[in-house]
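Q:
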Amino acid sequence: MEQVRVRFAPSPTGYLHIGGARTALYNWLFARKNNGTFVLRIEDTDAERSTKESIRQILDGMQWLGLNWDEGPFFQSERIETHREAARKLLESGSAYKCFCTKEELDAKRKKAQDAKEDYKYDGTCRKLSEQEIKQREEQGLPYVVRFKTPKDDGCVAFDDRVYGHIEKNHVDIEDFVILRSDGNPLYLLSSAVDDQTDRITHVIRGQDGLGNTPKQILIYEALGHTPPVFAHMSLTLDTKKAKISKRKHGEVVTVGYYKEHGMLPWALCNFLALLGWSTPDDREFFTREELIEAFSLEGIARHNSILNYHPGDRKNWTDPKAISMNARYISMLTMDELVPYVREELRAQSLWDDAYDGDKKAWFESTLDIIRTRLHTIKDFATKGRPYFADDFDFEETAVRKNLKKDEKLKEYLPALADKLAELQTFDIENTENVVRAMCEDLGVKPGLLINAIRTAVTGQAAGPGLFELLIAVGQQRAVERLRKAVDLV
RNA sequence: GGUCCCAUCGUCUAGUGGCCUAGGACGUCGGCCUCUCACGCCGAAAACGCGGGUUCGAGUCCCGCUGGGACCA
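With the first letter of the first sequence counted as 1, position 260 gets the number 259 in numbering that gives the first Met the number 0; the numbers rise by one all the way through.
#1: Sort Arg372, Gly358, Ile306 and Phe295 by Cα distance to Ala327 and report the nearest one.
#2: Across which residues does DSSP place Val5 in a beta bridge pair?
#3: Cβ atoms of Leu471 and Thr432: under 7 angstroms apart, would you say?
#4: Could you tell me the boundaries of the alpha helix (DSSP H) in which Ala327 lies?
#5: What is the DSSP secondary structure of Thr432, counted as helix, strand or coil?
#6: DSSP three-state call for Tyr143: helix, strand or coil?
#7: Report the three-state DSSP secondary structure of Cys269 (helix, strand or coil).
#8: Along the chain, where does the alpha helix (DSSP H) containing Met335 start, and where does it finish?
#9: Excluding the five sequence neighbours on either side, which residues of its own chain have a C-beta within less than 8 angstroms of the C-beta of Ala348, listed in chain order?
#10: Quick check: the segment 204-213 against the segment 253-271, are there 3 or more CB pairs under 8 angstroms?
#11: Which of helix, strand or coil does DSSP assign to Ala231?
#12: Under the DSSP definition of a beta bridge, which residues are partnered with Thr254?
#13: Does Ala453 pass the burial test, meaning 16 or more other C-beta atoms within 10 Å, or should it be called exposed?
#14: Does the separation of the CB atoms of Lys148 and Tyr96 fall below 7 angstroms?
#15: Rounded to the nearest angstrom, how far is the Cβ of Gly18 from that of Thr236, given a contact under 8 angstroms?
#16: What residues in its chain sit with their C-beta under 6 angstroms from that of Gln62, if we drop five residues either side in the sequence?
#17: Does the distance from the CB of Val193 to the CB of His82 come in under 7 angstroms?
#18: Decide if Arg298 is buried, meaning its Cβ has at least 16 other Cβ atoms within 10 Å, or exposed.
#19: Starting from Ala115, follow its DSSP beta bridges and name the residues at the other end.
#20: Suppose the cutoff is 8 angstroms on Cβ atoms and the five residues either side in sequence are ignored; what does the same chain contact list for Thr44 look like?
#21: Pull up the DSSP beta-bridge partners for Cys100, would you.
#22: I need the straight-line Cα distance from Met233 to Ile166, nearest angstrom please.
#23: With a threshold of 6 angstroms (Cβ to nearest heavy atom), would Gly312 be considered close to the ligand ATP?
#24: Do you know offhand how far Phe230's Cα is from Phe99's?
#25: Going by the beta-carbon positions, is the gap between Tyr14 and Gly262 smaller than 7 angstroms?
#26: In chain order, what residues of the same chain have a beta carbon less than 7 angstroms from the beta carbon of Cys125, not counting five sequence neighbours either side?
#27: I need the DSSP call for Leu264, collapsed to helix, strand or coil.
#28: For a minimum of 4 consecutive residues, which ranges assigned as the alpha helix (DSSP H) are wholly contained in the segment 414-487?
#29: For the segment 347-366 against the segment 286-293, do three or more pairs of beta-carbon atoms, one drawn from each stretch, fall closer than 8 angstroms, so that the two count as touching?
#30: Applying the 10 Å Cβ sphere with the 16-neighbour rule, what's the burial state of Asn169?
#31: For Tyr356, which of Ala301, Leu66, Phe389 and Glu221 has the nearest alpha-carbon?
#32: Would you be able to state if there are at least three C-beta pairs under 8 angstroms between the segment 52-66 and the segment 306-320?
#33: Helix or strand or just coil, what does DSSP make of Val490?
#34: Just grab the DSSP bridge partners of Leu237 for me.
#35: Could you give the uninterrupted runs of the beta strand (DSSP E) lying entirely in the segment 137-222, keeping only those of 3 residues or more?
#36: Whole angstroms are fine: how far does the CA of Ala322 sit from the CA of Leu275?
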């Protein structure tokens, strides 16, 4: 069996798009599954729109996602000469011809066809030119494009798409398409086919928008004497109105960077993206890298497009709720060794990091993460909702203060008294703190909830959080006592 | 306009003629747990676009329609 070689070939005209990331992911998975080679090729022939910044964004995005490539990045712009050479070969072998028709002539013919409500296809005027006539025009210095000579018989181009199955396209429905512009620049169709030959690509896994071009590319392959690769077209990702998602229309939510900034774990994004248009018969949803590589197959790719369930303006959901939910699950499920690096990076960025968290305070740090993680959705949350555990300058939620501190004036007396009792504890552990609080409730004849909720808000500024006694241990005796005394002002 | 592709709960999907009184997940709602919130657990509402065939039997096969998408122009 031939070595599998696949590629991801983005145009560097913007940010790494989540649709592009999904294409890259499927290619990567297929390569890894088959011990193949994953090639990265930057299709930067549109010099006007291609930018260095964009290339950097794409490479960064792929690295962040963990989609490592084996060869490249290659740059299409450096291979234009090979594309021109291919056009020359096609010309020589009679598979292509020079077309001298002017834009005006073509426009007129098109308009005429449209007016007559007929389908317009290039009529092959220049295909019939004799060598004499061609020479004549060349001597006059007339500009020309190069067109591919599509077979004019009742046959068809057929191929077996690994996702869409057997596909046939009649020769008569394929016009003599342009492969080289009059300025000598190759068209995408030619460039990408030639590059795929150069890179010895065996499987082209790309968006369904490439399906229509495939017959033409197969024709190019064959005319150049190459065996076409296997094709697998994947469904597209659309918005809730079934339009293709784009940065222009939807903003940052379509970029990979946005997910990083919002505290998404890279693998959670991959896992989510993998499931957007791919599934296994057993309906499995969570996969480790190794498991996903093992489970992946081209045949599991959906034929229908899928929708990113994102509603702009939804304050609660900054992206598809399923993606957020998966991320939350990952945050809860990961081992500490897997989770800590992400939290460390975030806390560092927010100046909440203490190097002792990797040393003396490691045990404390990890157990603290462990008690707060089940209610956090993103890595960002460790620095926001988790702030009271790592710093003393946290905010008090207004609703929490109203609900838990201003609830009963007597808390003005209860809280300092509690602080005193907690301060006296020799061993500040769950059992002792709980005994102190509950005993005091009994003495005072108040419901435990009154004190417990008040303490939580006094110590963290929040109304919700971990069970109070583990929370107190995490915050620590001294800080807890200080915060309780300070909170009297808020009652 | 031409060519091609697609169509199951709001969303992601399972389903390849009988196991489907259509299953799972997210979201939504209700309950349990409980010091709050979350996790977890239990439960509810929620889908085969429409019309014809084929068949003893169709979500599953065929045709048409409708709808959506892509490519080319």
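Backbone N, C-alpha and C fix where the C-beta goes; we use that ideal spot for every residue, glycine too.
None of these values were measured; they are calculated from a predicted model.
A: On the basis of the supplied data:
#1: Arg372
#2: Phe37
#3: yes
#4: Pro320 to Met332
#5: helix
#6: coil
#7: helix
#8: Met335 to Ala348
#9: Ala382
#10: no
#11: strand
#12: His16
#13: buried
#14: yes
#15: 5 angstroms
#16: none
#17: yes
#18: Just to set this straight, residue 298 is Glu in the shown sequence, not Arg. Exposed, by the Cβ-count rule.
#19: Beta-bridge pairing links Ala115 to no other residue.
#20: Gln75, Ser76, Ile79, Asn184, Pro185, Tyr187 and Ser190
#21: Looking at the DSSP assignment, Cys100 forms no beta bridge with any residue, so it has no partner.
#22: 15 angstroms
#23: Absence of the ligand ATP from the depicted structure is noted, as is the absence of any ligand whatsoever, leaving it without description.
#24: 34 angstroms
#25: no
#26: Tyr96, Lys97, Cys98, Phe99 and Cys100
#27: coil
#28: 429-443, 447-459, 467-474 and 476-485
#29: no
#30: exposed
#31: Phe389
#32: no
#33: coil
#34: Lys243 and Ile306
#35: 144-147, 155-160, 164-169, 177-179 and 202-206
#36: 10 angstroms
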